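Everything on this sheet refers to the single structure shown next.
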Amino acid sequence: MGKIRSLPPDVVLKIAAGEVVERPASVAKELMENALDAGSRDIKIDIEAGGRRLIRVTDDGEGMSAEDALLALERHTTSKIASAEDLFAIHTFGFRGEALASIAAVSKMKIITRRKEDLAGFEIQIDGGMVLKSGETGSPIGTNVEVRDLFFNVPARLKFLKSPGTELGHIGEAVARLALANEQTQFQLFHEGRLLAHYPVRAEAAARLAEALGKEAGERMHRFQYHDGDMKISGYAGDPGYDRPNARAIYLFVNRRPVRDRLLYHAVLEAYRTLLPKERNPVVLLFVELPADCVDVNVHPSKGEVKFVEGEKVHRAVITGIRRMIERLPGMPAVEAPLQEVRETASGYARQPWQEAFPLKDPETSPKAWTVNVAERGGRSFLGQIQQTYLLFVSADGITLVDQHAAHERILVEKLEEQFFEKEISRQLLMIPEVLELSLSEAKSAQEHLQDLGKMGFALESAGERTFWIRGVPEVLARREPVKILKEMIHEISSWGKGTELSRSFSSLIHMLACRAAVQASQKIGYEEASSLLSTLESCTSPSRCPHGRPTVIKITVEDLAKMFGRK
Ligand code: ADP
Ligand code: MG
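Start counting the sequence shown at -19; every next residue gets the next number (my numbering).
Quick look at the structure:
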């Protein structure tokens, strides 16, 4: 007898299931995609124990007949394509007909479904791929798929699952991805009965930015659009000062299907090259739309990878689309652009913001400075402040202008982030504690987030239903009034969705703190302070922009001067 034999069907099924079902989030994704394919306008996701115990997706879509529901559970049964040619004209999320079968093979599943035209619903229970029972049941129109005890019969997989919190995070991410691209459908995510995320029906995707990515995203992301033949690139991208430590806030969609595609990631990062510090990532929502026969989505069972027929063209279009938007943002110096094409379209120096500040209104304000010998001063001299807002330096190779507030903000943000990641923001204890009076609801969120506020450098102690003692404040605030900023922060924290973690939302708080603590415009600055501000700024990881994306420094080199005076 030879050594090769056919694998028993249940083993084959488990192997196949492994490709589609990696973790609870993949189950949630497949079930939501089915709901969307069924034309649902209202999708509810219930999770227990991070998805280990329960993943239930309830939709109001077209439902299935009893016969179809039984068929749907078999492998390679689908209503979405009929032949191989159809594979190149896919308009639905599903098409391989294996998600339900795969999930059923590794869980305890129950499906309840009813079509509009049927009087009763139909229910199927299936354990590890074996149908236990099926029959009529009462049901609203739509489909309800319940997946319990995922991987109960695949202990090896079970071991790889992360903590419920982590798995829930992935599920939340999957919901956000689909919600961002399907604004005409309501999504509600519940964990242990608590509403974690809610995406009401919206008129356009933009309205979902704030819901999926936080309030700041709503304000700092800008629309872009670009056509090339029948390919359309569109979406929203953050200004270059709005960045993240990882690529998780880059959302890619091809024909509305969420994908993780290297080529697209690369193009997005390329669009921001030189505008973002290394290892930082932009926040981008990118939709690529092109004829179904120009893209192959059938690369992997999870359908997350795609192949473009003309990858090069797509790559270029994405860069151009995003670049053009960034170029138009106020205060973006076009000269930094690495792309040849962009450089050509830049309209020279005509719109540069520093022109407003020139010439100096009254050189007499710092008469001594004009006589400073540049070379003697280690190459750079501070000449003075313009409108107590901009610092002016000269050196042998040109002129440097600094926005004092923006520059200081940048310095503080980096310092605070460093402290935050190391442990917590450095705190200064107050000799005499201050009183913080809040509204009831503010007090509630403050109480809930005492630890988070502690990480931000504030030591609060409850002193009654609505009052707290402020015992410590972030060092950077120095003697500045802490009450106002605390109230702002608590207000911001209370606007977070339930379950939002500080680790994901800290940057808005740090920005607030930096903004408050930084020197303001129209504040007097002396020689020493100015010089140290500039040299500290230069040691920052991303010195050229403030946290809001405005420039901190503008350099006019001698080459620029020569050009402006028509010497070349
Ligand atoms: P695919 O989505 O690739 O077709 P699935 O295994 O995910 O494969 O689903 C099999 C079939 O079951 C689908 O083609 C569809 O006809 C039906 N189906 C699955 N989920 C739903 C749902 N929520 N509402 C209506 N029909 C569904
Ligand atoms: Mg499917």
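The beta carbon of each residue, even a glycine, is placed where N, CA and C say it ideally should be.
Being a predicted model, the structure only gives us computed values, none of them experimental.
Check	Outcome
Rounded C-alpha distance that separates Ile405 from Pro454	6 Å
DSSP-derived helix/strand/coil call for Glu42	coil
Simplified DSSP assignment, three categories, for Ser515	helix
Three CB pairs or more closer than 8 Å across the segment 40 to 48 and the segment 14 to 24	yes
Straight-line Cα distance separating Arg33 from Thr369	58 Å
Local Cβ density within 10 Å of Pro(-12), reported as buried at 16 or more and exposed below that	exposed
Given Trp449 as reference, the closest of Val127, Val456, Leu418, Arg547 once Cα atoms are compared	Leu418
Extent of the continuous beta strand (DSSP E) to which Tyr370 belongs	370 to 375
For review: beta carbons within less than 5 Å of any heavy atom in ligand 2	Asn14, Gly74, Ala79
Beta-carbon proximity check, Glu550 vs Cys520, cutoff 7 Å	In the structure displayed, the chain extends from -19 to 548; residue 550 sits before or after that span and is not available.
Closer than 6 Å: Ala443 CB and nearest ligand 1 heavy atom	no
Coil, strand or helix - Ala217 by DSSP	strand
Buried or exposed (CB count within 10 angstroms, at least 16 for buried), Gln4	At residue 4 the sequence reads Pro, which differs from the Gln that was named. It is buried - the Cβ of Pro4 has at least 16 other Cβ atoms within 10 Å.
Classification of Asn226 by the beta-carbon crowding that lies within 10 angstroms, buried from 16 upward	exposed
Opening and closing residue of the beta strand (DSSP E) in which Thr380 lies	378 to 383
C-alpha gap between Ser375 and Ile536, whole angstroms	10 Å
DSSP three-state assignment for Pro225, whether helix, strand or coil	coil
Backbone secondary structure at Lys619 - three-state DSSP	Outside the shown range of the chain, which is -19 to 548, sits residue 619, and nothing can be said about it.
Whole-angstrom C-beta distance between Asp219 and Arg260, which should lie under 8 Å	13 Å between Cβ atoms; not a contact.
Check whether Ile505 and Gln365 have beta carbons under 7 Å apart	yes
Cβ-heavy atom distance, Gly284 to ligand 1, below 6 Å	no
C-alpha gap between Arg308 and Ala186, whole angstroms	19 Å
Candidates Arg446, Leu440, Val37, Glu78, of which the one nearest Ala52 by Cα	Glu78
Beta-bridge pairing of His280 - partner residues as DSSP gives them	His280 is not bridged to any residue.
Cut-off 6 Å between Cβ atoms - residues of its own chain near Lys258, not counting five sequence neighbours on either side	none
Lys464: first and last residue of the uninterrupted beta strand (DSSP E) it sits in	No beta strand (DSSP E) holds Lys464; the alpha helix (DSSP H) holding it covers 462 to 474.
Cβ neighbour criterion (16 or more within 10 Å) applied to Glu389	buried
Counted within 10 angstroms of its Cβ, other Cβ atoms place Arg530 as buried (16 or more) or exposed	buried
Beta bridge counterpart(s) of Tyr206 as assigned by DSSP	Ile213
Segment limits, beta strand (DSSP E) that includes Ala439	439 to 442
Contact under 7 Å by Cβ, Ala247 with Leu392	no
Unbroken beta strand (DSSP E) run spanning Leu270, endpoints	Careful: Leu270 lies outside any beta strand (DSSP E) and carries neither H nor E.
Residue environment, Pro120, which counts as buried when at least 16 other CB atoms sit within 10 Å	exposed
Asp39 CB to nearest heavy atom of ligand 1 below 6 Å	yes
Cβ contact check for the segment 198 to 208 and the segment 510 to 519: 3 or more pairs under 8 Å	no
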